[in-house]
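Per my numbering, residue 68 is the first one in the sequence shown, and the count goes up by one each step.
Glycine included, C-beta positions come from ideal geometry on N, C-alpha and C.
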Amino acid sequence: MVEDRQTKHVMPPYNLQRKDYRSLLEVMGLSVEMGRYGSLEAMIAERGSKIEALNAEGDVPILNEMRRKLAAGKKIEATHGRGALLNLDHEYILNRLEHLPSEQVENARRYRGYKYGSLNDREA
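Spelled out as structure tokens, the structure:
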């Protein structure tokens, strides 16, 4: 079983065919777009080595990019708290806001203020 670290939901292991790994990479990209790095980490942990082993054309560079984004996201969340990168403007996140841990939502709001406040300070 694989646990989504943000929601603590336990997911069954993925049982995908080779053709489905491209879709999984797209879902990984969606996780980045939403700022759900716990989900991204779970997907990479569960299927990253399988994607590499299959070595399908173009998939490994995409996987490596997802790993790079995960490392950068984890660094930010280590400083600003879990959930800091949640995209509070994303439709899915807006629809699920009440189900997300309030601490993560608050971390996202604080990080957003920090991020945009820093940009505004530079322009002044």
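Enclosing alpha helix (DSSP H) for residue i [first to last residue]
| i | result |
| --- | --- |
| His147 | Asp126 to His147 |
| Glu108 | Tyr104 to Leu121 |
Secondary structure of residue i, DSSP reduced to three states
| i | result |
| --- | --- |
| Lys182 | helix |
| Val166 | Val is not the amino acid found at residue 166; the sequence shown has His there. Note: His166 maps to helix in three-state DSSP. |
| Asn154 | coil |
| Asn187 | Here the model assigns Asn187 a pLDDT of 47, short of 50, so the residue's position is not dependable, and the following value carries that caveat. Three-state result, Asn187: helix. |
Integer-rounded CB distance, given that residue j should sit under 8 Å from residue i
| i | j | result |
| --- | --- | --- |
| Tyr104 | Leu152 | 6 Å |
| Tyr183 | His147 | Not quite, the Cβ-Cβ distance comes to about 13 Å (not below 8 Å), so this is no contact. |
| Leu97 | Leu130 | At roughly 15 Å, the Cβ-Cβ gap does not stay under 8 Å, so Leu97 and Leu130 are not in contact. |
| Glu108 | Leu155 | Their Cβ separation, rounded to whole angstroms, is 20 Å, which puts Glu108 and Leu155 out of contact at 8 Å. |
| Ala175 | Gly150 | 5 Å |
| His157 | Met101 | 5 Å |
| Arg89 | Asp126 | 7 Å |
| Met110 | Val94 | 7 Å |
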